[in-house]
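>
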Amino acid sequence: MLYRRIAGLSVISLVASVALPAYSIELDTVVVSSGDDSSLADVAQPVLVLDEQDLAQNPGASLGTLLEQQPGISNASFGPGVGRPVLRGMSGSRVKMMVNGHDTADLSAMSSDHAPMAEAANAHQVEVIQGPATLMFGGGAIGGVVNVLDNKIARQPRTELEGHVTARASSNDSGRELSAELNGGNGRYAWHIGGFDKSSDDYQAADSETVNNSDTDGKGLSLGLSRTDETKGFIGFSIFHSEYDYAVPNEEDEQTRVRPEQIRYDLKSSWLSPFSGVASWDNELSFNDYEHDELTRPTVEGLFDQETWEYNSRLRHQELFGWQGQLGVNVRWQTMKLCHDHDGCSEIPDYSDRPWNGGRGSLLRNDFPFAHNTPMPEAETLDLGYYFIEKTHWQHEQWGNGNIELGARMDFRTISLDEKTVDPSWRQHEGYYDDVNFAPLTLSAAATWNISSSQRWAISVARAQRAPDAQEMFWNGDHHATFSYQLDNPDLVEETAYTLDLNWILTTQRWLTRVAVYRYAFEDYIYNDLKALENPYHPDDAVYRYEQADAEFYGGEASVEYALTDSFQVLVQSDYVSAQLTEAVDGNKNLPRTPPATALLQLAWQHNQWQAEVENRWVMAQNKVASQETPAAAYQHFNVRMNYNTLLNSRYELLLGLQVNNLFDAPGQNHVSYLKEFAPLPGRNISLTTSLNF
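The numbering of the sequence shown is this note's numbering, which starts it at 6 and goes up by one.
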C-alpha cells in the first residue's frame, strides 16, 4: 500500500474529473483539519496526511519513527523513549506538536530527552502541515505543524458502536503494546473511551549488541462526551491522562530515567451559522497539567512542573467578494517551575524567605555564569495572537485555474520570571528577572496553478517570525539526562525567516511525480551551539549555549510512483537538506545535527485482502558537520511489510500484520540524535500486529 504522500498541493482535483483506466495511480480524498475541514483538493499549502489505514499497517513506536520515512522528515530520537519529528532540518519550537489542534503543552522542545506527549496509538489521522494554514495553530511554526487527531470529542452525531482492539509485539526489544477504543452514541449524545499500554526492554543494535538503559513503558486513558446536532453544531468535553517511564542510553551506562506524566482537559464547541454571514464559530479551551522527573537511580535529581491554559476562538465567514476564510484569536498562558538537586528533589524549592541584596551570586567560571542550583527561575509565558487566513479560486480560459491563499498573524509574548525558586547565592543580578516582551509578525501567501487536468504548480512564500522561548533564554544549569551543561542567553531576539517553496506535480494514467524545492533565509537564527568550554562541575560534560546568526536552509524532495499493473506499484523517492550559517563561526558554517540525504525504492503489491511492501532505504553519509560534531557514516535498511484484511462478518474486520525492519541487521547511526554514538539504530526487528475493528 502506498502512503498518502501529498506534500505541496491539492492534487486530487487533477484526477477527480476523469475516469482512470486500469493500472492507474489514484490519490485518496482525505480531509484536512485546516480550520474549515477542507479536502486536499481545496488547500494550497504543503500537507502530508496519514489516515487510520496507514497508522494501522505501518505503526511506529513514536511519532518520530512513524513519520521518518516520509520525504523531508527525520526523527530526533533520544533512545526509543523519545522521537520528535524534524521537518526539513528544523526542530524544537519551529515544529509545533499538536493534539486535535492544541499544543501538546509538554517540554519536548526544551530538551532532546523530553518526549512529546502526542500518542498515535488511538489516532485516526496524523497531519504534517506547512504554509498559511499553520497560522491557526500559533506563532513560530516556521518548520511546520504535526497534528495528531483522535476521536475523543465527536463533532458529528454517532448512532452505532464502533472501535478497535489492537495488539502488537516486537522481537528486538521484547516490545508489547495493547490499545483499545470504543465510540458510541444515540444521535444526540456521543461518548468515547480509549486507552493504551505499552512497554519494551533494552533493544539490540546490529550484531546483537544490547543498548543498555533503553527500556520504555507508557500507558494512557481517555474519556470523552459530546452533545451533537447536525444543523446547530456540537459541544464536547474530554479528559486524557498519560504517563511514561523510559531510560536514557548514555556513555557511562548509568540508570538515568525520565518519567513524564500529563493530564489534559479539553472543552470544544462549534456553532453553525450563528450570525448572518458567519458559517461557524468555534471555541476551544484546554488545561494541561504536566510534570516529569529525571532520576539517576535511586535519586530524583530533576523535577519539572508545568501548567498550561489555552483558548482558541475562530470565526469562519461565508464567501465575501469571492473569498472564503477565517479570523481567529489564540490565548496561551503557561507557568513552568523546576527543581535540580543532587541530594534529591521532593518538591519545587521556594527561597522567598531568604535575604537577597539584588546582586549576582558566585557564578562566574571561565568568564561565563555557571550556576549549580535550580537552572532556571519560575517562568510565566503569556501569548496572545490574532490571525486571518483567506482563500479564493481563480480561473482563466487559456491559463487554467487554481487557488490563492493569504494569511497573516500577529503575536504578543511576555515572559515573566520569579527568582524565588533559585537560591540567592546562585542568582543573577536583579534586573535579569525583569519581564521580556516580543511581538513577532508572520505574513504568508500560497498559490496553485492547474495547467491541465494532469499537471499542477504551486508556490508558497512567507515572512515568518518566532519569539525565543523562556528556556532558550534563561536556562543555566546541567542537563544530566543529556550529559551536558546549558548556558543562558537573555539577549536573544526574534528570529525571522523568509521562505520560498515551489512544488510541481504530474499525474498520468500510471505515473504520479512530485518535485519540491525550498529555501529558508533566516535572520538571527537561534541555534544551540556546542562550546569549547569545560563544565567546572562535571568536566566530561559538553557545554552548549543558544546563539543567533543569519542562516540558510535549502533543499528538495522528489518522489515518483508508477503503477506496473492493477496489483503492483513502484515508488522511488529522495530528499536533501543543507543547513548552514551565512558566515562561518570558528571557520565552520555547518549547523549541527543536519539530516543527511536519503533515498528509497519500494515495490508494493495488493490483491484482494492481501497487501505487501518491500523497500530499501539509503541514508547517505553526513560529513557536513558543525564544530565539535562528528560525522556519520552511510547505511541502508531493507524492510518488509505484509498485511491481511478480512471481514469476519458485516460488522467486524480483522487486520493481521507482519513487519520486518532492517532485515539484514545493518548497523547505522541517526545523525539527528544527540545520542548517535551511544544509541545506534536497532538491528533486525520483527513485529506482529493484530487488530479487530468494528
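Each residue gets a CB set at the ideal place from its N, CA and C atoms; glycine is no exception.
Tell me, please, whether the region 136 to 143 touches the region 160 to 168 by the rule of three or more beta-carbon pairs shorter than 8 Å.
In short, these stretches do not touch, since the Cβ pair count stays below three.
> Where does the unbroken beta strand (DSSP E) through Phe3 begin, and where does it stop?
Since the first residue of the chain shown is 6 and the last is 699, residue 3 is not available in this structure.
> Leu226 to Ile268, Cα distance in whole Å?
Taking the straight line from one Cα to the other gives about 10 Å.
> Please report the Cβ distance between Pro254 and Phe683, rounded to the nearest whole angstrom; I am assuming they are in contact, meaning their Cβ atoms lie under 8 Å.
That pair is a contact at about 5 Å.
> Run the CB neighbour count on Leu166, radius 10 Å, all protein chains shown included, and call it buried at 16 or more, exposed below.
Exposed, since its Cβ has fewer than 16 Cβ neighbours within 10 Å.
> If we require 4 or more residues per run, which alpha helix (DSSP H) segments fall completely within the region 466 to 538?
Segments of the alpha helix (DSSP H) lying fully in the region 466 to 538: 475 to 479.
> Does the beta-carbon of Leu68 have 16 or more other beta-carbons within 10 angstroms, so that it is buried, or is it exposed?
With 16 or more Cβ atoms within 10 Å of its Cβ, Leu68 is classed as buried.
> Among Glu620, Ala563, Trp623, Val104, which has the Cα closest to the Cα of Gly77?
Checking every option, the nearest Cα to that of Gly77 belongs to Ala563.
> Is it buried or exposed for Gly192, if we count other Cβ within 10 angstroms and need 16 for buried?
It counts as exposed.
> Would you kindly report the start and end of the unbroken alpha helix (DSSP H) that includes Glu57?
Looking at the DSSP string, the run of the alpha helix (DSSP H) that includes Glu57 is 57 to 62.
> Going by DSSP in three states, Lys1 sits in which element: helix, strand or coil?
There is simply no residue 1 to check, as the chain begins at 6 and stops at 699 in what is shown.
> Inspect the beta-carbon positions of His377 and Trp431 and report whether they are closer than 8 Å.
The answer is yes: Cβ separation under 8 Å.
> Do you know whose CA, among Ser458, His434, Val466, lies nearest Leu448's CA?
Minimum Cα distance to Leu448 is reached at Val466.
> Which residues in the same chain have their Cβ closer than 6 Å to the Cβ of Val619, if we skip the five residues on either side of it in sequence?
Hits under 6 Å: Leu608, Val645.
> Thinking C-alpha only, which one of Leu680, Gly412, Pro597 is nearest Asn217?
The option with the nearest alpha carbon to Asn217 is Leu680.
> With Leu576 as the anchor, note down where its beta strand (DSSP E) starts and where it stops.
Run containing Leu576: 573 to 590, per the beta strand (DSSP E) assignment.
> Following the continuous beta strand (DSSP E) through Ser343, name the residue where it begins and the one where it ends.
Here residue 343 turns out to be Leu, not Ser, going by the sequence shown. 328 to 345 is the extent of the beta strand (DSSP E) around Leu343.
> Identify whether Leu7 lies in helix, strand or coil by the three-state DSSP scheme.
Note that Leu7 has pLDDT 36, beneath the 50 cutoff, so the model's placement of it is unreliable and no number is given.
> Which residues bound the alpha helix (DSSP H) around Thr70?
Looking at the DSSP string, the run of the alpha helix (DSSP H) that includes Thr70 is 68 to 72.
> In the DSSP assignment, the beta strand (DSSP E) including Lys629 goes from what residue to what residue?
From DSSP, Lys629 is part of no beta strand (DSSP E); its letter is neither H nor E.
> Around the C-beta of Gly143, are 16 or more other C-beta atoms found within 10 angstroms, so that it is buried, or is it exposed?
It is buried - the Cβ of Gly143 has at least 16 other Cβ atoms within 10 Å.
> Comparing C-alpha positions only, which one of Asp118, Ser82, Leu71, Leu112 sits nearest to Gln130?
Minimum Cα distance to Gln130 is reached at Leu71.
> Look at the alpha carbon of Val91 and the alpha carbon of Leu53, and state the distance between them as a whole number of angstroms.
In a straight line, the C-alpha of Val91 is about 14 Å away from that of Leu53.
> With distances taken from CA atoms, which of Trp286, Phe558, Ala589, Leu605 is nearest Ser579?
Comparing Cα-Cα distances from Ser579 to each of Trp286, Phe558, Ala589, Leu605, the minimum goes to Leu605.
> Nearest to Gly436 by alpha carbon, out of Leu387, Thr694, Lys594, Asn362?
Comparing Cα-Cα distances from Gly436 to each of Leu387, Thr694, Lys594, Asn362, the minimum goes to Asn362.
> Among residues of its own chain, excluding the 5 on either side of Asp271, which ones have a beta-carbon nearer than 6 Å to its beta-carbon?
Cβ within range, chain order: Ser243, Ser291.
> Hey, quick one: how far does the beta strand (DSSP E) through Ala284 stretch, first residue to last?
283 to 301 is the span of the beta strand (DSSP E), which, as asked, contains Ala284.
> Please classify Trp480 as buried or exposed, where buried requires at least 16 other C-beta atoms within 10 Å of its C-beta.
So Trp480 counts as buried.
> On the DSSP letters alone, give me the boundaries of the beta strand (DSSP E) that Ile147 sits inside.
It is not in any beta strand (DSSP E) - Ile147 carries neither H nor E in the DSSP assignment.
> Starting from the C-beta of Ala284, find all residues in its chain whose C-beta is less than 6 Å away, skip the five residues before and the five after it, and write them out in chain order.
Contacts found: Arg321, Gln323.
> First and last residue of the beta strand (DSSP E) that includes Val87?
No beta strand (DSSP E) holds Val87; DSSP gives it neither H nor E.
> Should Gln627 be labelled buried (16 or more other beta-carbon atoms within 10 Å of its own) or exposed?
That one is buried.
> Measuring CB to CB, does Ala451 end up less than 8 Å from Glu410?
In this structure, Glu410 lies closer than 8 Å to Ala451 by Cβ.
> Please classify Glu349 as buried or exposed, where buried requires at least 16 other C-beta atoms within 10 Å of its C-beta.
Correcting the residue identity first, residue 349 is Gly in this sequence and not Glu. The residue is exposed, with fewer than 16 neighbouring Cβ atoms inside 10 Å.
> Just to confirm my understanding: we take Tyr438, look at its own chain, exclude 5 residues before and 5 after, and list those with CB closer than 7 Å. What are they?
Only Pro382, Leu422, Glu424 meet the Cβ criterion.
> Roughly how many angstroms lie between the CA atoms of Met204 and Ser247, to the nearest whole one?
Checking the sequence shown, residue 204 turns out to be Ser, not Met. Those two C-alpha atoms are separated by around 14 Å.
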